[in-house]
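This report refers to the structure that appears directly beneath it.
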Amino acid sequence: VQEAGEKLMDVSNLGVPEIEQRLKALNQAWAELKQLAATRGQKLDESLTYQQFLAKVEEEEAWISEKQQLLSVEDYGDTMAAVQGLLKKHDAFETDFQAHRDRCKNICDDGMRLVSDGNHHSDSINQRCQQLQTKLDHLAALAGRRKAKLVDNSAYLQF
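Residue numbers for the sequence shown follow full-length UniProt numbering, so the first one is 1 and each next one is one higher.
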(Lines of atoms letter the chains of each structure in order from A; the text may use other names.)
(Lines give C-alpha, C1' and ligand atoms only; values in the text may rest on other atoms or scores of the structure.)
Protein backbone atom coordinates (compact mmCIF):
# COMPACT_ATOMS: atom_id res chain seq x y z
CA VAL A 1 0.00 0.00 0.00
CA GLN A 2 2.90 2.28 0.87
CA GLU A 3 4.56 1.65 -2.51
CA ALA A 4 1.29 2.12 -4.40
CA GLY A 5 0.77 5.46 -2.67
CA GLU A 6 4.29 6.63 -3.50
CA LYS A 7 3.90 5.56 -7.16
CA LEU A 8 0.61 7.43 -7.35
CA MET A 9 2.30 10.59 -6.04
CA ASP A 10 5.17 10.19 -8.55
CA VAL A 11 2.84 9.64 -11.52
CA SER A 12 0.31 12.36 -10.72
CA ASN A 13 0.31 15.60 -8.83
CA LEU A 14 -3.38 15.31 -7.99
CA GLY A 15 -4.18 14.93 -4.30
CA VAL A 16 -0.53 14.60 -3.19
CA PRO A 17 -1.11 16.19 0.26
CA GLU A 18 -4.08 13.90 0.88
CA ILE A 19 -2.10 10.81 -0.20
CA GLU A 20 0.81 11.83 2.04
CA GLN A 21 -1.58 12.35 4.93
CA ARG A 22 -3.20 8.95 4.40
CA LEU A 23 0.17 7.21 4.11
CA LYS A 24 1.27 8.87 7.34
CA ALA A 25 -1.96 7.75 9.06
CA LEU A 26 -1.45 4.23 7.69
CA ASN A 27 2.11 4.10 9.05
CA GLN A 28 0.92 5.39 12.40
CA ALA A 29 -1.88 2.82 12.58
CA TRP A 30 0.55 0.05 11.57
CA ALA A 31 3.02 1.05 14.31
CA GLU A 32 0.19 1.14 16.85
CA LEU A 33 -1.00 -2.30 15.75
CA LYS A 34 2.53 -3.70 16.08
CA GLN A 35 2.79 -2.21 19.58
CA LEU A 36 -0.55 -3.70 20.62
CA ALA A 37 0.49 -7.09 19.25
CA ALA A 38 3.77 -6.93 21.19
CA THR A 39 1.91 -6.02 24.39
CA ARG A 40 -0.54 -8.87 23.82
CA GLY A 41 2.34 -11.28 23.21
CA GLN A 42 4.00 -10.19 26.44
CA LYS A 43 0.77 -10.71 28.40
CA LEU A 44 0.35 -14.16 26.85
CA ASP A 45 3.91 -15.06 27.89
CA GLU A 46 3.19 -13.80 31.41
CA SER A 47 0.00 -15.84 31.53
CA LEU A 48 1.86 -18.95 30.40
CA THR A 49 4.47 -18.60 33.15
CA TYR A 50 1.67 -17.90 35.64
CA GLN A 51 -0.16 -21.08 34.61
CA GLN A 52 3.07 -23.06 34.99
CA PHE A 53 3.51 -21.52 38.45
CA LEU A 54 -0.09 -22.45 39.36
CA ALA A 55 0.40 -26.04 38.21
CA LYS A 56 3.39 -26.41 40.53
CA VAL A 57 1.52 -24.80 43.44
CA GLU A 58 -1.51 -27.03 42.93
CA GLU A 59 0.68 -30.13 42.79
CA GLU A 60 2.24 -29.24 46.15
CA GLU A 61 -1.16 -28.37 47.65
CA ALA A 62 -2.48 -31.78 46.58
CA TRP A 63 0.50 -33.47 48.27
CA ILE A 64 -0.09 -31.41 51.43
CA SER A 65 -3.81 -32.30 51.51
CA GLU A 66 -3.01 -35.99 51.12
CA LYS A 67 -0.50 -35.87 53.98
CA GLN A 68 -2.87 -33.88 56.20
CA GLN A 69 -5.38 -36.70 55.95
CA LEU A 70 -2.72 -39.29 56.78
CA LEU A 71 -1.50 -37.27 59.77
CA SER A 72 -5.05 -36.88 61.08
CA VAL A 73 -5.45 -40.65 61.55
CA GLU A 74 -5.84 -41.48 65.24
CA ASP A 75 -3.93 -44.79 65.06
CA TYR A 76 -0.84 -44.50 67.27
CA GLY A 77 -0.17 -48.24 67.52
CA ASP A 78 -1.31 -50.67 70.19
CA THR A 79 1.90 -52.69 70.42
CA MET A 80 5.51 -51.58 70.73
CA ALA A 81 6.29 -53.01 67.28
CA ALA A 82 3.36 -51.12 65.75
CA VAL A 83 4.49 -47.86 67.38
CA GLN A 84 8.05 -48.35 66.15
CA GLY A 85 6.75 -49.02 62.65
CA LEU A 86 4.64 -45.86 62.77
CA LEU A 87 7.61 -43.85 64.08
CA LYS A 88 9.74 -45.13 61.17
CA LYS A 89 7.02 -44.13 58.72
CA HIS A 90 6.81 -40.73 60.39
CA ASP A 91 10.58 -40.24 60.10
CA ALA A 92 10.34 -41.10 56.38
CA PHE A 93 7.48 -38.60 56.08
CA GLU A 94 9.61 -35.90 57.76
CA THR A 95 12.40 -36.46 55.24
CA ASP A 96 9.87 -36.27 52.40
CA PHE A 97 8.29 -33.20 54.01
CA GLN A 98 11.62 -31.38 54.06
CA ALA A 99 12.06 -32.05 50.34
CA HIS A 100 8.57 -30.67 49.67
CA ARG A 101 9.27 -27.62 51.86
CA ASP A 102 12.35 -26.91 49.76
CA ARG A 103 10.31 -27.38 46.58
CA CYS A 104 7.63 -24.99 47.89
CA LYS A 105 10.30 -22.42 48.76
CA ASN A 106 11.67 -22.67 45.21
CA ILE A 107 8.17 -22.33 43.75
CA CYS A 108 7.49 -19.20 45.82
CA ASP A 109 10.92 -17.79 44.95
CA ASP A 110 10.00 -18.27 41.28
CA GLY A 111 6.66 -16.58 42.00
CA MET A 112 8.39 -13.60 43.60
CA ARG A 113 10.62 -13.35 40.52
CA LEU A 114 7.49 -13.21 38.37
CA VAL A 115 6.13 -10.44 40.61
CA SER A 116 9.37 -8.45 40.46
CA ASP A 117 9.40 -8.87 36.66
CA GLY A 118 6.00 -7.15 36.61
CA ASN A 119 3.76 -10.13 35.82
CA HIS A 120 0.17 -8.88 35.58
CA HIS A 121 -0.97 -11.74 37.88
CA SER A 122 1.14 -10.40 40.79
CA ASP A 123 -1.71 -10.21 43.32
CA SER A 124 -2.74 -13.80 42.69
CA ILE A 125 0.88 -15.00 42.82
CA ASN A 126 1.41 -13.34 46.21
CA GLN A 127 -1.86 -14.78 47.50
CA ARG A 128 -1.05 -18.33 46.34
CA CYS A 129 2.42 -18.19 47.92
CA GLN A 130 0.90 -17.08 51.23
CA GLN A 131 -1.72 -19.85 51.06
CA LEU A 132 0.96 -22.42 50.30
CA GLN A 133 3.04 -21.27 53.27
CA THR A 134 -0.03 -21.37 55.55
CA LYS A 135 -0.77 -24.94 54.44
CA LEU A 136 2.86 -25.94 55.03
CA ASP A 137 2.76 -24.43 58.53
CA HIS A 138 -0.46 -26.30 59.29
CA LEU A 139 1.04 -29.56 58.04
CA ALA A 140 4.15 -28.97 60.17
CA ALA A 141 1.92 -28.47 63.24
CA LEU A 142 0.01 -31.68 62.48
CA ALA A 143 3.28 -33.56 61.99
CA GLY A 144 4.65 -32.28 65.29
CA ARG A 145 1.47 -33.24 67.11
CA ARG A 146 1.44 -36.74 65.60
CA LYS A 147 5.12 -37.31 66.41
CA ALA A 148 4.57 -36.21 70.02
CA LYS A 149 1.61 -38.59 70.37
CA LEU A 150 3.59 -41.46 68.85
CA VAL A 151 6.49 -40.80 71.24
CA ASP A 152 4.06 -40.57 74.20
CA ASN A 153 2.41 -43.83 73.15
CA SER A 154 5.81 -45.49 72.82
CA ALA A 155 6.77 -44.35 76.33
CA TYR A 156 3.40 -45.55 77.66
CA LEU A 157 3.80 -49.00 76.08
CA GLN A 158 7.33 -49.38 77.45
CA PHE A 159 5.92 -49.38 80.99
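Don't be surprised by glycine CBs; every beta carbon is placed ideally from N, CA and C.
This one's a predicted model, so the numbers in the text were calculated from it and none came from an experiment.
- Across the structure, residue 57 and residue 99 are spaced so that their CA atoms are roughly 15 Å apart.
- Closest by C-alpha distance to residue 49, out of 117, 131 and 146, is 117.
- About 11 Å separates the Cβ atoms of residue 139 and residue 69, ruling out a contact at the 8 Å cut-off.
- Per DSSP, the unbroken alpha helix (DSSP H) holding residue 53 starts and ends at 16-71.
- Residue environment analysis places residue 41 among the exposed positions, since fewer than 16 neighbouring C-beta atoms fall within 10 angstroms of its C-beta.
- DSSP places residue 76 outside any alpha helix (DSSP H), giving it a letter other than H or E.
- In this structure, DSSP gives residue 118 a state outside helix and strand, which the three-state scheme calls coil.
- Rounded to whole angstroms, the gap between the alpha carbons of residue 35 and residue 121 is 21 Å.
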